[in-house]
Amino acid sequence: MSHSERMSFETNALLTPHETLQMDAHMSSSLEFLMENAGAMVARLIRQHFKSCRVLVACGPGNNGGDGYVVARYLQGWGWPVSVAPWKKPQHGSLAARAAQEWTGPIVAFEAAEAMRAELVVDAVFGAGLSRPLPEDVVHFFQHVPRCVAIDVPSGVDGVTGACWGEVPQALLTVALVRKRPGHLLEPATGRCGQVVCVDIGMPEEAFSGLKARYWENTPSLWPLPLQYEQDHKYTRGVVSLYGGAHMPGAARFASDSARHTGAGLVCVSSSEEGAALYRTVLPGCVVDQKTPYDSVKDQRRRVWVCGPGLTFKEVESVLPTLLEAQCHVIADAGALAWADGLPEKLRGVKVMTPHLGEFVRVFGPVRTSRLEAAQQASKETGSVIVLKGADTVIAAPDGRTAINRHATPALATAGSGDVLSGIIAALCASGMPAWEASCAAVWIHGEAGRQAAQAKGGWIVAEDLITFLGKARHAAEKSQKLSINR
Ligand SMILES: NC(=O)C1=CN([C@@H]2O[C@H](COP(=O)(O)OP(=O)(O)OC[C@H]3O[C@@H](n4cnc5c(N)ncnc54)[C@H](O)[C@@H]3O)[C@@H](O)[C@H]2O)[C@H](O)CC1
Ligand SMILES: [K+]
10 MSHSERMSFE
20 TNALLTPHET
30 LQMDAHMSSS
40 LEFLMENAGA
50 MVARLIRQHF
60 KSCRVLVACG
70 PGNNGGDGYV
80 VARYLQGWGW
90 PVSVAPWKKP
100 QHGSLAARAA
110 QEWTGPIVAF
120 EAAEAMRAEL
130 VVDAVFGAGL
140 SRPLPEDVVH
150 FFQHVPRCVA
160 IDVPSGVDGV
170 TGACWGEVPQ
180 ALLTVALVRK
190 RPGHLLEPAT
200 GRCGQVVCVD
210 IGMPEEAFSG
220 LKARYWENTP
230 SLWPLPLQYE
240 QDHKYTRGVV
250 SLYGGAHMPG
260 AARFASDSAR
270 HTGAGLVCVS
280 SSEEGAALYR
290 TVLPGCVVDQ
300 KTPYDSVKDQ
310 RRRVWVCGPG
320 LTFKEVESVL
330 PTLLEAQCHV
340 IADAGALAWA
350 DGLPEKLRGV
360 KVMTPHLGEF
370 VRVFGPVRTS
380 RLEAAQQASK
390 ETGSVIVLKG
400 ADTVIAAPDG
410 RTAINRHATP
420 ALATAGSGDV
430 LSGIIAALCA
440 SGMPAWEASC
450 AAVWIHGEAG
460 RQAAQAKGGW
470 IVAEDLITFL
480 GKARHAAEKS
490 QKLSINR
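Just add 9 to wherever you are in the sequence shown, counting from 1, and you've got our numbering.
In structure tokens:
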């Protein structure tokens, strides 16, 4: 059992609406207590973030609306001027109806004019499980809202995929209950959520029993990094190999430098006669040879390969099938993905693929669902870990485990940044980490190095800068895991 599976619902696990329903079913006798706590916590957060002002709570017919009535009651109790605008009344006898009954303050029409009169609107219309387009009158209402705080999600956000069912409210603050949801971390929803704060509503541990987390926010607690030991030598640290192309040597250089700076014990670069002469001059820290892939894979220490950065179609064709035949652990990027244009089965056996959206579409075809689901599907079909790169990188494993990474910076959008990532993944795979954990860790370290480099360099960086911060970035992850060797 992997570390993440043992972790159950740690704080970085993400809850889907379906899982929330399962928990609520388990806790049916305590739902009223949970709704009371949810409303109280949201009201407290509002008090922390805003000065007393005219508040309008927009309530839907379900439990999200129920939470809204509780918020209204607490704020009014603290002396705030509060009104409630029900979009639709809760069903008679429901939990939300009971919460509505306890609201004795003003009730106003659900219309734009009321929204405009308010100084702050609480969006308690729909929670994260909505599965149909946002009604027109709800869209119209929220277009006139001055400042908005959303309970669970801004109404119309799909809590799993981050898709929006129409023009959803723009929140300044979104209050997640129990745990964040995958949708909070995925575009376009992230942009509509504002600051996301997660609150404890007193959900007991036993409510999680029988549930197995499948989604996580990518944080260092998800993937323990191997430590450094006294007895280490370069082969215990791990060997990374790559085939260096003769035409675009910069990419192989970035990948090999990045593997070394992340902690690989040794990086071996094989190339043609012409390429090897070049790599010997630019990569003094690597072992450079002219071995054919067929001969290279006979060396049992050379199990982990980066394939693709800087390679032409012909070069990939001459290397990748041999690596896959020998069951090497291949990280496929750039040229290797272009080589499989429209034919993902050519990549069967690859351990990790690192496409950006354009490359992903070239290999797997148009994304008809969401990026999240497309990455999960591709991973299941190919048996490879899919690292779908972006501001909200998705790391999907064939067994369904999915991490979403927000630990990044726009400064990473520079040529060579992807080559650096493939080198980090290779270094961590070579150190013995399983492919999904290595990929998650690499994406985080890449983001951390980008942040540190951008800070040190004043904002704008190139791939070379990123590489020089990889050691520090790995150390930052270790520190955060409280596993630092300097402890
Ligand atoms: N464990 C927890 O985290 C708790 C969370 N709470 C809150 O509960 C909601 C989820 O409640 P639920 O009733 O399942 O969903 P909604 O409130 O979103 O209600 C949906 C409701 O609306 C109806 N509906 C949807 N679209 C339309 C439409 N176009 N026309 C008419 N009606 C529509 C739909 O049929 C449903 O009836 C969660 O967000 C939290 O805020 C609990 O308070 C405590 C435990
Ligand atoms: K909402």
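Yeah, the Cβ is synthetic: ideal placement off N, Cα and C, and Gly gets one too.
query                                                                                                                                                    : result
Using a threshold of 8 Å, state whether the C-beta atoms of Gly75 and Leu43 are closer than that.                                                        : no
Are the beta-carbon atoms of Leu356 and Thr391 separated by less than 8 Å?                                                                               : yes
Going by the C-beta, is Val187 closer than 7 Å to any heavy atom of ligand 1?                                                                            : yes
Consult DSSP for Gly279 and reduce its assignment to one of helix, strand or coil.                                                                       : It should be noted that the sequence gives Ser, not Gly, for residue 279. Strand, per DSSP.
Check whether the stretch 38-57 touches the stretch 179-193, taking contact to mean three or more Cβ pairs, one atom from each stretch, closer than 8 Å. : yes
If you measure from the CB of Cys162, is any heavy atom of ligand 2 nearer than 7 Å?                                                                     : The sequence as given places Val at residue 162; Cys does not occur at that position. Yes, Cβ of Val162 sits closer than 7 Å to a heavy atom of ligand 2.
So who's on the other strand from Thr183, going by DSSP bridges?                                                                                         : Ala159, Val205
Taking Pro258 as the reference, give the member of Pro419, Leu143, Arg246, Val278 with the closest Cα.                                                   : Val278
Taking C-alpha atoms, which residue in Glu196, Gly175, Leu220, Val80 lies nearest to Asp33?                                                              : Leu220
Restricting to Cα atoms, I'd like to know which of Ala417, Thr29, Gly319 is closest to Pro213.                                                           : Thr29
Please classify Tyr83 as buried or exposed, where buried requires at least 16 other C-beta atoms within 10 Å of its C-beta.                              : buried
Candidates Gln179, Ala405, Thr170, His153: which alpha carbon is nearest Ser164's?                                                                       : Gln179
What are the partner residues of Glu226, as DSSP defines its beta bridges?                                                                               : Ile413
What residues match up with Trp314 in a beta bridge as DSSP calls it?                                                                                    : Ser250, Val339
Exposed or buried, what is Asp266 when buried is set at 16 or more other beta-carbons lying within 10 Å of its beta-carbon?                              : buried
In the DSSP assignment, the beta strand (DSSP E) including Cys68 goes from what residue to what residue?                                                 : 64-68
Between the stretch 374-385 and the stretch 437-452, do three or more beta carbon pairs fall short of 8 Å?                                               : no
List the DSSP bridge partners of Ala94.                                                                                                                  : Ala67
Is any heavy atom in ligand 2 found nearer than 7 Å to the beta carbon of Phe135?                                                                        : yes
When the Cβ atoms of the stretch 152-169 are set against those of the stretch 120-135, are three or more pairs found closer than 8 Å?                    : yes
Is Gly272 buried or exposed, if buried means 16 or more other CB atoms sit within 10 Å of its CB?                                                        : buried
Here's the rule I'm using: 16 or more other beta-carbon atoms within 10 Å means buried, otherwise exposed. How should Asp132 be labelled?                : buried
Hey, how far is the Cα of Val64 from the Cα of Thr20?                                                                                                    : 31 Å
Quick check: does the Cβ of Ala127 come within less than 7 Å of any heavy atom belonging to ligand 2?                                                    : no
Quick one, are the C-beta atoms of Leu333 and Val339 less than 8 Å apart?                                                                                : yes
Does the stretch 316-328 touch the stretch 292-299, meaning 3 or more C-beta pairs lie closer than 8 Å?                                                  : no
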